[in-house]
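Numbering (this note's numbering), first residue to last: 126 to 401.
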């Protein structure tokens with residue numbers, strides 16, 4: 126499993142995101158913070174350590190600090206993302222209060238009622254980072270999740286592969302490893318099939334060649350990172366599987382209709398306008 130260490134958070138942050146297409150994270154990641162991701166729309170398959178869970182609209186997925194995780198999905202989606210650190214908890218809560226508040230993290234996926242989802246949505250819409258009383262907001266969110274956590278998690282082992290056709294296994298492999306695939310032989314050598322067989326699978330399922338499909342996944346990934354990450358465009362190009370920055374620019378302009386810089390500026394402006 127390819128796992129990347131991500132950012133460190135010493136505070137409490139709530140953000141919101143929206144993607145008008147599906148997006149698959151190409152590798153697992155972890156970070157030194159607790160994370161709660163609440164789907165507002167769409168459906169995602171979430172892998173946490175060695176288990177997979179299906180999350181739907183108004184489902185909250187909970188990740189403990191340093192827990193390896195990733196997600197995938199073919200549908201557009203939007204969500205509320207909440208991060209907070211152990212240090213933040215220790216700063217504002219007693220050991221007993223923290224123990225009670227964090228009981229919800231015994232669960233991986235919690236389904237929210239319409240009322241509870243609306244309450245958290247209102248909190249997210251009105252959240253301002255850095256306020257001195259934000260710990261009360263965090264306590265409110267955790268209390269809502271604790272009250273909603275009534276059923277056992279239903280997940281399946283990420284390593285337990287059902288008996289599926291080789292064609293489906295090839296598609297799953299590409300969807301999860303598109304960042305690392307450089308040539309068609311990276312697929313044919315693993316599955317012991319011909320190039321023609323791989324081309325037929327992608328034409329039948331997606332109406333395009335493997336190369337075009339992989340570029341589609343990479344550009345979707347790049348759009349997500351340009352919109353929600355502060356990393357440089359060159360770093361994003363590399364993270365999405367492009368060895369050549371110039372090639373990334375050309376492919377991006379062809380697929381999206383503008384340069385990555387223009388897309389980044391436009392997406393940030395749109396997000397700011399919505400916030401205002």
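Note that the Cβ used here is the ideal one computed from N, Cα and C, for glycine as well.
Residue i and residue j closer than 8 Å at C-beta
| i | j | result |
| --- | --- | --- |
| residue 150 | residue 201 | no |
| residue 367 | residue 343 | yes |
| residue 198 | residue 148 | yes |
| residue 210 | residue 264 | no |
| residue 160 | residue 208 | yes |
| residue 296 | residue 339 | no |
| residue 245 | residue 252 | no |
| residue 314 | residue 213 | no |
| residue 183 | residue 216 | no |
| residue 169 | residue 140 | no |
| residue 386 | residue 358 | yes |
Chain-order list of residues whose beta-carbon lies under 8 Å from that of residue i (same chain, five-residue window excluded)
| i | result |
| --- | --- |
| residue 128 | The predicted position of residue 128 is uncertain, since its pLDDT is 49 and thus under 50; no value can be drawn from it. |
| residue 218 | 226, 260, 264 |
| residue 230 | 159, 187, 189 |
| residue 255 | 136 |
Neighbourhood of residue i by C-beta, 6 Å cutoff - its chain only, sequence neighbours within 5 removed
| i | result |
| --- | --- |
| residue 235 | 185, 270, 273, 274 |
| residue 312 | 323 |
| residue 94 | Summary: the structure shown does not reach residue 94, with the chain confined to residues 126 through 401, and so no result is reported for it. |
| residue 402 | Outside the displayed span of the chain (126 to 401) sits residue 402, for which this structure offers no information. |
| residue 383 | none |
DSSP-derived helix/strand/coil call for residue i
| i | result |
| --- | --- |
| residue 252 | coil |
| residue 146 | coil |
| residue 152 | coil |
| residue 206 | strand |
| residue 264 | helix |
| residue 140 | strand |
| residue 91 | Absent from the model: residue 91. The displayed extent of the chain is 126 to 401, so no value can be given. |
| residue 247 | helix |
CB contact check: residue i to chain B, cutoff 8 Å
| i | result |
| --- | --- |
| residue 249 | Of the chains in the structure shown, none is chain B; there is only one protein chain. |
7 Å Cβ shell around residue i - same chain, five flanking residues per side excluded
| i | result |
| --- | --- |
| residue 317 | none |
Jot down the residue ranges of each uninterrupted alpha helix (DSSP H) in the region 282–360, minimum 4 residues, whole runs only, in chain order.
291–302, 310–316, 320–331, 335–353
Pair every Cβ in the region 165–185 with every Cβ in the region 209–225, then say whether three or more of these pairs are closer than 8 Å.
no
In chain order, each beta strand (DSSP E) run of at least 3 residues that lies wholly inside the region 162–198
168–173, 176–181, 184–188, 194–197
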